[in-house]
Amino acid sequence: EQSRTKHYVLKASSPVLSTTSLSTLNYADLKVINNNECLRYYSPSIILDSTLCCATVSGGSTCNGDSGGPLIMRNGGQLVQIGVVSFVSSKGCASGYPAGYARVSSFYQWIMVNSRG
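First residue of the sequence shown? That's 1216 in my numbering, and the numbers climb one at a time after it.
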């Protein structure tokens, strides 16, 4: 069950923005919550069936600049991408509000058709 599984968002961030600095890869430990719970924080126009919401587990979270990054989970011995970073609360990424992700399974057909080389 997803709610008992650890989920991670990979975050490419740099403490100082400069053309010579290298980005470091960070991650946050997250917990997928159901959309009904997420509706306590956001309006129904934002939380769609194709939205996946995650709450923070250990204080880390998705933040500005992480958009488009992967939300992954471990399935057996494999890492599986289940979401794409979409939004954080306007109250800020340290607000404790859940973050929103595009649910990969909702766009699977489109991904398969458009990723063929």
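Every residue gets a Cβ at the ideal spot worked out from N, C-alpha and C, and that includes glycine.
| Item | Value |
| --- | --- |
| Beta carbon of VAL1303 nearer than 7 Å to that of ALA1314 | yes |
| Cβ pair count under 8 Å reaching 3, the stretch 1251–1258 against the stretch 1279–1286 | no |
| Euclidean distance between Cα positions of SER1276 and TRP1325 | 28 Å |
| Reduced DSSP secondary structure (H/G/I, E/B, other) of SER1304 | coil |
| Rounded separation between ILE1248 and CYS1308 - CA only | 17 Å |
| DSSP state of THR1234 mapped onto helix, strand, coil | Reliability fails at THR1234, whose pLDDT of 41 lies under 50, so the model's placement of it is uncertain and no value is given. |
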